[in-house]
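Here the structure is laid out as C-alpha cells; the discussion comes afterwards.
Protein chains: 2
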Amino acid sequence: MEPSEKINIGLLGYGTVGSNVYSLLEEQAAEIKKATGASISINKILVRDPSLPRAGAPPELFTGNFEDILNDAAISIVVELIGGTEPAFDFVTAALEHGKAVVTANKQLLSRQGFYLFRLAQDKKTQISFEASVAGAIPVIKVLRESMVAAGLKSIYGIVNGTTNFILTEMSRTGARYHDALARAQEWGYAEADPSEDINGKDAAAKMAILASIAFHTNVGLDDVACTGIENVSRLDIAYARDLGLAVKLLGVARLYQDRINVRVYPALLKQDHPLASVSGAYNAVFLKGAAIDEIMLSGPGAGGMETASAVVSDIVSVVARRESPGFLEYPVAYRGLEFFPDEEVVSTFYLRLEVEDEPGVLAAIASAFGKHGVSIQSVIQKGRGARAELVMVFHPVKEARFAAAIEEAGRLEVIKSTPRPIRVEGNHGGGE
Amino acid sequence: MEPSEKINIGLLGYGTVGSNVYSLLEEQAAEIKKATGASISINKILVRDPSLPRAGAPPELFTGNFEDILNDAAISIVVELIGGTEPAFDFVTAALEHGKAVVTANKQLLSRQGFYLFRLAQDKKTQISFEASVAGAIPVIKVLRESMVAAGLKSIYGIVNGTTNFILTEMSRTGARYHDALARAQEWGYAEADPSEDINGKDAAAKMAILASIAFHTNVGLDDVACTGIENVSRLDIAYARDLGLAVKLLGVARLYQDRINVRVYPALLKQDHPLASVSGAYNAVFLKGAAIDEIMLSGPGAGGMETASAVVSDIVSVVARRESPGFLEYPVAYRGLEFFPDEEVVSTFYLRLEVEDEPGVLAAIASAFGKHGVSIQSVIQKGRGARAELVMVFHPVKEARFAAAIEEAGRLEVIKSTPRPIRVEGNHGGGE
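As C-alpha cells, this is what we get:
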C-alpha cells in the first residue's frame, strides 16, 4: 500500500446527503488518511443542472453527464445518492461493469435489484457497500456481514422506519389521532409531504428485504415482503394495548423456519418492558437472535441527512481500506436460495378490538365463531356500555390461516359493527425464533 | 485467493470458551468456507496437562508445550484463551513476533499491554483481534474500529459488567440488600466465587480502557481509569433514586474534553426513561455519541461462555477474510497521544443521601457548608423522622474538586451521622458530550 495513494470519487447527486458527504470527507480527511493510508477526494459530481450555484463543492466539480464520471479512469469509487430505481440502476450497473466500486444509500434499488448487483460486483471483482440504505446511523449491515457468521442467526426484527415510529410514539404519548400525529410529524420534519411509502410499510419492507438477504444469504426482494402499514391503527388500540401492558410498534420481522424464511412488516404489540417498546420518536432499532447469541440490539437515530452521510463516509472508508482484498464481498452472495415459509403457516398471537351490539349472547356468538376454527380466546375485556360496546380480545397462539378463517366467519355476524383489524402480539411466543 | 486454502489455528486454553470455540468452528465450517474461501481448523491445543481426557477435540491435538504451536510454521493464527497477564503476554508476544495473527478474549492483558501489542502486530505486519474481550456478544470493537471514522466520536458510556448489573437489577426489583443480591447472583451463575474484580469496578475499568483506546486512538491503560464499585450502593439509595425517577447503574464513561480524555467507572443515576435504565440483568449496553451521530446504542447479553466463543469465532473469520490486506489494522494505532482530563475538573451532578440528627438548624448547617464551596442544592427531601432522619439531596452541576471539598467540610459536621457517599447523576448535563 503506497502511503500517499490517492483515491478519486465520483458522486451522483448533491442533495442534503450528498453535500454532507462532501463536507464530512473534507473534515475527516486527515483521520481517514491515517486509517486507510489513502487520500480520498471527490473529483466529479453529477447533478441535473451543473450551472446552478451550490454551496460546498467548487463549481468546476459539477457535471451534467454521467459519462464524464464513468469514463474517468482515475475515479475508482462511485457514490450513488440520487435514489429511486431509474436511472440509478443503469448508473450503478455501468459503474460496476467498469470495475468501479459502488457505495449507495438507495434502498429502493437494492430491495429490487440487490441480488443482481451483488453478483455483478463479485463477477467484476469489485465492491458494493450500502450501510446507509438501512437504519441510518446503526451499522447493522456491517454487523450482519462480518460479525454474525458464527452466531447461527435465526431471526431479525425491529423498528426500521423512523416516521411511523414517531407517529406511533406521538399517538401513545398524547392520545392524538393518527391524522393529527401525522400532521405533527410533517410539521417537525419527521415525515415527508408524501409519506405514503413510510405509512403503508413499503419503506420498512424494502429495508427488511435487504437485511434478510444479507443475514440469511438468500434473495429476498421487495415483492417477497408482505406489509401492513399503520393507517388503521386507532388511538383506541393504543390506549387498550396500554391497559394490557403493551405498546404498538411497526415491526419488520424476518425469521427462519428451519430452512425456510418469512419476512413481513406489520404493526405489532410488544410488552412494555421489551427493549423495543422504549425505542421512541424517530429512532430505529434492530434485534438479532441466533443459536449462539441470545439477542443483540442495535439502536440509534433513523436516517437524517447527517446520519446517512456519516454511514456513506464509513462505507467509503471501508471500501478503501479493503481495496486490495475484496474479502467479505463474497459473503452476501454465498447463496443459499432459501424457500419462503408461507404467511398462513406462521403461528401468531393476535389482539382484536371489536365494536359490538351490547346485548345478551354476543360474546357467546363470537366465541363460537372462533371456536369453530379452533381459535381459542385467552382474554376478553368489555369496554364501554350502551348501543356500541367494544370487546378487546387476545387469543392463544394459532396458525394464521385458521385465524383468518375465524375472523371471516366472525365478521359475518350481525352483532359486529366494525371491520375486524387484528394486531399481532410479538416477543413472547415460540414461532421460528 | 486459493479456493481450497487451509488455515491452521493453535488454541491456547481449553476451558468453557475454548471448547465452545472448537465446536462452533466445526459446526460452522461450511459457512465459514463460503465466507472466506478458506477451510479453518484447530490443529494444536495448549493445556496444562495434555494427558487428561477431554470432550470435543481428539486427544492427539493437545500439547503441554507452547513451543509446539509457536514453531509450527503451518499455524498462522494463535487464539489465546488462557486469560490473565502471565504467561498470556509472553505467548501473545512470541506469536506476533513469529508473524502469526492473534485472536484474544483477554481484557486483563489488553488493558495493560494492549498498546504495546497493537504496535507489535503492526510492526510485524500481522493482526491482533479482540472483540471477545469487551461486552460479550456485542460487536462494539468492530463498530468502533470500522464504522465510526466519520462520526467524530465524543463519548462512549455504558454498562460493561454483567455481574454488577445483575446485582443492581435484583436490588431494584426485589428490594434486596447488596449482600443478598450478590449471593443470588452467585447461586444463578452470574457471579464468580470471587467476584471482587466485578464488584470493585476493575473489570469494567479494563474494558473501558480498551474501548477508549480504540475509540480515541490513544493509549488508555487500566491504571488510567479511576473506578468506584458498587459495594457501597445501599438499597436505600436505590429506593430513593426510584422516588426521584432514577435508576442506579454501574457506568463506564469515556469522554473527550476538547483534546483531552477522561475515562472512569462509577455507580451513576440515570433517568428511568434513559435507554440504559432498562438494560437489566446480566446484559451489557454501550452508547456511542459523536458530532455526526446523535447516539447509537449496542446492547446484548454480557460475556457467557457461548457469547464469548461466538465473538472469538467472528474474530477468527475476520482475520482470515482480511489475511491479504491488514487494512484496518493500522487504525487503532493511528496514535493521537491524548492527555488526560483530570477528574477534579469534570463537571458533574451529584446525588447524596445523608443520615442526620433530626433537630432544628441541621439543613441550614449543611447548606452553609456546601454553599461555602459554591455548591448549590437543587432539591432536598427529608425521609423519616426521629433520632435519625435522612436527607436526600441533588445538587446543581459543579466541578468535582469543589464538590469534594464541600463534602469534606460537611462530613465534619457533628449532625451528620454517616459517611457521605455521593452518587453521580448522568445523562442530562452538558459536560464533554
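Protein chains in written order, with numbering that gives the first Met the number 0: chain A, 0 to 432; chain B, 0 to 432.
Think of the CB as a built atom: it goes at the ideal place given N, C-alpha and C, for glycine as much as any other residue.
Taking residue 96(B) as the centre and dropping the five residues before and after it, the same chain places the C-beta of 119, 123 closer than 8 Å to its C-beta, in chain order. Close to residue 277(B), with beta-carbon spacing below 8 Å, are these residues of chain A in chain order: 272, 274, 277.
Look at the stretch 351 to 391 of chain A and you find these whole runs of beta strand (DSSP E), each 3 residues long or longer: 376 to 382. Residue 208(B) places its beta carbon less than 8 Å from that of residue 110(B). Put simply, the CB of residue 298(B) is near chain A, with a gap under 8 Å to one of its CB atoms. Shown here for residue 46(A): same chain residues with a beta carbon closer than 6 Å to its own, the five before and five after excluded, namely 13, 61 in chain order.
Closer than 8 Å at the C-beta level to chain B, one finds these residues of the stretch 100 to 132 of chain A: 130. Pairwise C-beta distances place the stretch 241 to 256 of chain A out of contact with the stretch 245 to 261 of chain B, as fewer than three of them are shorter than 8 Å.
Pairing residue 197(B) with residue 190(B) gives a Cβ-Cβ distance under 8 Å.
By the Cβ-count criterion, residue 415(B) is buried, with 16 or more other Cβ atoms from all chains shown falling within 10 Å of its own Cβ.
Among the residues of chain A, none has a CB under 9 Å from the CB of residue 46(B); the nearest is roughly 23 Å distant. Sorting 202(B), 381(B), 35(B), 278(B) by C-alpha distance to the C-alpha of residue 356(B) places 381(B) at the top. Residues of the same chain with a CB within less than 8 Å of the CB of residue 282(A), apart from the 5 flanking positions on each side, are 158, 161, 164, 298, 299, 300, 301 in chain order. Contact with chain B is found for residue 137(A), since one of that chain's Cβ atoms lies less than 8 Å from the residue's Cβ. Contiguous beta strand (DSSP E) elements confined to the stretch 54 to 135 of chain B occur at 74 to 79, 100 to 103, taking only those with 3 or more residues. The shortest C-alpha to C-alpha distance from residue 387(B) to any of 413(B), 66(B), 254(B) is the one to 413(B). Using a Cβ-Cβ cut-off of 7 Å, residue 22(A) is close to nothing in chain B; its nearest Cβ partner there is about 10 Å away. When 44(A), 77(A), 340(A) are compared, the shortest CA-CA separation from residue 64(A) is found for 44(A). When C-beta distances to chain B are compared with 8 Å, the residues of the stretch 252 to 272 of chain A below that value are 272, in chain order. Under a 10 Å Cβ-count criterion, residue 411(A) is classified as exposed, with fewer than 16 other Cβ atoms of the shown protein chains found around its own Cβ. 17(A) is the residue among 48(A), 17(A), 347(A) whose C-alpha sits nearest the C-alpha of residue 41(A).
Taking 8 Å as the threshold, the shortest C-beta distance from residue 406(B) to chain A does not fall below it.
The criterion of a C-beta distance shorter than 8 Å is not satisfied by residue 211(A) and residue 127(A).
At a beta-carbon threshold of 7 Å, none of the residues of chain B lie near residue 6(A); the nearest stands roughly 14 Å away. DSSP links residue 171(B) through a beta bridge to no other residue.
At least 8 Å separates the CB of residue 206(B) from every CB of chain A.
Exclusion of the five residues before and after residue 368(B) leaves 405, 408, 409, 412 as the residues of its chain whose Cβ lies within less than 7 Å of its Cβ. If only complete runs of 3 or more residues are kept, the stretch 223 to 307 of chain B shows the beta strand (DSSP E) at 245 to 256, 259 to 270, 282 to 289, 295 to 300, in order along the chain.
Those residues of the stretch 281 to 296 of chain A placed with their C-beta closer than 7 Å to a C-beta in chain B are 291, 292, 293, 294, 295, 296, ordered along the chain. In the DSSP assignment, residue 401(A) falls outside any beta strand (DSSP E) and within the unbroken alpha helix (DSSP H) covering 399 to 410.
Per DSSP, reduced to three states, the secondary structure at residue 19(A) is helical.
Residue 13(B): not part of any beta strand (DSSP E); DSSP gives it neither H nor E.
Counted as a single uninterrupted DSSP element, the alpha helix (DSSP H) harbouring residue 142(B) occupies residues 139 to 145. In the DSSP assignment, residue 156(A) falls within the beta strand (DSSP E) that extends over 152 to 158. Residue 183(B) has no beta-bridge partner at all, per DSSP. Chain A places no beta carbon closer than 8 Å to that of residue 425(B), leaving this residue out of the contacts.
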